[in-house]
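K.L.:
Structure below; questions to follow.
Residue numbers (my numbering): 623 to 838.
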């Protein structure tokens with residue numbers, strides 16, 4: 623499964639989630655495939671996924687955290703990209719351990735189906751940052767929903783894309799830039815070269831993608 627994690631060794635054009643602690647629900651798990659990344663240890667290929675959350679409540683001025691989408695008020699959303707890994711130093715493991723309230727056992731870390739997060743509620747700690755004149759809302763931490771808090775009714779439909787078993791309805795619902803990014807992964811190209819997907823491949827390399835600039 624492309625969404626199995628294991629321990630194996632913005633622009634301000636649209637309304638953003640404000641800083642603070644918010645009730646949220648994970649509604650989207652998107653397999654981004656494997657991509658070349660660069661960091662303090664040089665370049666390497668890493669399998670990536672994106673989790674997206676719908677956020678509930680009001681801002682500091684009492685305004686609901688919603689946005690008009692085709693005449694319907696929808697919760698604001700926020701997402702975070704992770705390497706698909708449950709290595710002890712991986713960001714995904716750290717956030718999931720905080721969310722669960724406990725770390726993974728060695729057995730659990732061997733294989734965890736990330737799609738199990740769909741529909742799960744949490745508390746998101748959001749911070750605002752600025753880079754090169756652009757403002758970003760970033761998920762700084764995830765915690766369990768307080769026991770005394772009620773769970774708001776879900777609004778966004780659950781959404782899962784696994785590149786080992788591609789759902790084209792889900793893929794076609796994604797933002798075009800995100801589709802282009804996924805198409806550059808070897809996982810997508812393997813799918814596109816099958817009898818099912820051989821009409822879907824796109825070898826044109828797009829511009830580098832800024833995930834925070836993609837409204838959900």
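Cβ atoms here follow ideal geometry from the backbone N, Cα and C, with glycine treated the same way.
1) Quick one: any contact between the segment 746–760 and the segment 720–736, if contact means 3 or more CB pairs under 8 Å?
2) Under the DSSP definition of a beta bridge, which residues are partnered with residue 766?
3) With 16 as the cutoff for other CB atoms within 10 Å, does residue 673 come out buried or exposed?
4) How many angstroms separate the CA atom of residue 774 from the CA atom of residue 678?
5) Just to confirm the assignment, what range does the alpha helix (DSSP H) spanning residue 677 have?
6) Considering only DSSP beta bridges, list what residue 756 is partnered with.
7) Which of helix, strand or coil does DSSP assign to residue 803?
8) Where does residue 733 fall in DSSP's three states?
9) Would you kindly check if the distance between the Cβ of residue 781 and the Cβ of residue 793 is under 8 Å?
10) Are there three or more Cβ pairs, one per stretch, closer than 8 Å when the segment 683–690 is compared with the segment 647–665?
11) What's the gap between the Cα of residue 777 and the Cα of residue 807?
P.N.:
Judging by the given coordinates:
1) Result no; under three Cβ-Cβ pairs closer than 8 Å.
2) Bridge pairing for residue 766: absent [DSSP].
3) Burial call: buried.
4) Their backbone Cα atoms lie some 7 Å apart in a straight line.
5) Element bounds for residue 677: not the alpha helix (DSSP H) but the beta strand (DSSP E), 664–678.
6) Partner(s): 753.
7) Residue 803 falls in the helix class under three-state DSSP.
8) Coil.
9) Against a cut-off of 8 Å, the Cβ pair of residue 781 and residue 793 comes out as no contact.
10) Of all C-beta pairs linking the segment 683–690 to the segment 647–665, fewer than three are shorter than 8 Å, placing the two stretches out of contact.
11) Distance from the CA atom of residue 777 to the CA atom of residue 807, rounded to whole angstroms, is 31 Å.
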